[in-house]
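Our numbering applies: residue 44 is where the sequence shown begins, and numbers increase by one. In this text, a Cβ means the ideal position worked out from N, Cα and C, and glycines have one as well.
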Amino acid sequence: MTTTTPESIPRSEALAAAQLEARATLSWHQRGKKKVIAIGGLKGGVGKSTMSVYVALVYAVHYGLRVLLVDADPLSQTAYDWHRLAKKKGDPLPFAIETWPHARVGERVLEDTDDYDVVVIDCGGESSDIFGSAVAACDQVLFVTSPRKAEMRRIKGSLDGALSAAKEAGRLAQIDANVVFTRVKNSRGSHNEAARDKVRDAGYDLLAAEIPDLVDYEDAMETCPRDLGHYLQLVQTMEAAA
Ligand SMILES: Nc1ncnc2c1ncn2[C@@H]1O[C@H](COP(=O)(O)OP(=O)(O)OP(=O)(O)O)[C@@H](O)[C@H]1O
Ligand SMILES: [Mg+2]
């Protein structure tokens with residue numbers, strides 16, 4: 044007679060069981076719904092594409108869901124290039140990719156993504172039309188910024204502008220919108236706290252989970268990261284807050 048001990052369960056079976064357990068915590072998935080997440084923010088390399096890839100990875104790996112990442116950045120197709128180059132190196136990312144960098148991206152997502160459980164849209168930071176279109180089609184918005192002073196100066200205007208399309212469409216109440224800090228340096232706690240206050244003073248919710256500035260995340264580009272790092276907790280916090 045053979046007994047099944049945790050050690051003797053093949054890794055893939057153990058992973059599938061863990062994914063099943065993780066999925067049970069997603070109420071929208073249990074109701075058979077798809078989730079669309081728009082990721083946008085200020086222009087200039089704050090970490091939007093890195094966040095988009097990792098968030099897609101968390102849903103694919105930790106939850107075992109069918110994920111599509113849409114690269115909607117009209118200027119630099121970082122997410123698409125990352126996906127393509129990782130595949131070329133034999134280290135593919137476990138989700139699908141499309142490039143739809145136009146102001147009808149939201150409609151396209153609503154029409155053409157029935158095969159997926161989660162759609163993550165990397166909206167870039169250049170086009171308010173693209174961000175507006177994505178936001179109008181999404182359930183969740185992550186507005187990515189770093190707590191640096193230069194970015195904080197513009198934060199209220201940027202947020203009001205970015206979310207005006209959703210407001211006009213009367214959708215803001217249905218969307219879970221959060222500001223999220225990335226590339227956080229821990230050198231000065233008071234500096235980060237002042238930035239957190241600025242977001243709250245502007246009337247927006249700040250996600251409690253943050254992404255630190257780490258060389259591991261910088262090096263992750265063009266690979267399939269094995270470690271979900273702080274992004275797992277970020278998605279779990281986002282799901283718990285929704
Ligand atoms: N948490 C992090 N820690 C350290 N480096 C990071 C982190 N996140 C992103 N980076 C690095 O910062 C740079 C910009 O990141 P990324 O391309 O994700 O930003 P972006 O906001 O999408 O930029 P763009 O405005 O060009 O679209 C890259 O070199 C990336 O590797
Ligand atoms: Mg980008």
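The set of residues whose C-beta lies within less than 6 Å of a heavy atom of ligand 1 reads, in chain order, K86, G87, G88, V89, G90, K91, S92, T93, D116, S119, T121, G167, G168, T225, R226, I254, D256, L257, Y260, E261, M264.
Between P144 and I164 a beta carbon distance of about 10 Å is seen, past the 8 Å cut, so the two are scored as non-contacting. Take the alpha-carbon of V223 and the one of S171: they are about 19 Å apart. Annotation for D165 indicates a beta carbon within 7 Å of some heavy atom of ligand 2. Here the alpha carbon of A180 sits roughly 14 Å from the alpha carbon of G83. Annotation for L108: Y102, D160, V161 place their beta carbon closer than 6 Å to its own, counting only its chain and skipping 5 residues before and after.
Inter-segment contact for the segment 230 to 247 and the segment 195 to 204 is present: three or more beta-carbon pairs are separated by less than 8 Å. If you ignore the 5 residues before and after H72, its C-beta comes within less than 6 Å of the C-beta of R66, all in its own chain and listed in chain order. Using a Cβ-Cβ distance cut-off of 8 Å, the segment 256 to 273 and the segment 84 to 97 are in contact, since at least three pairs of beta carbons, one from each stretch, lie closer than that value. The continuous stretches of beta strand (DSSP E) do not include A99, which lies in the alpha helix (DSSP H) extending over residues 91 to 100.
One alpha carbon belongs to R54, the other to G133, and they sit about 21 Å apart.
Beta-bridge partners of D165 (DSSP): I82, D114. If you check the CB distance, P255 and L100 do not come in under 8 Å.
Looking at the DSSP output, F186 shares a beta bridge with G83, V222. Nearest C-alpha to H273 among L206, E56, E253, A122: E253. Around the Cβ of P135, a 10 Å sphere holds fewer than 16 other Cβ atoms; the residue is exposed.
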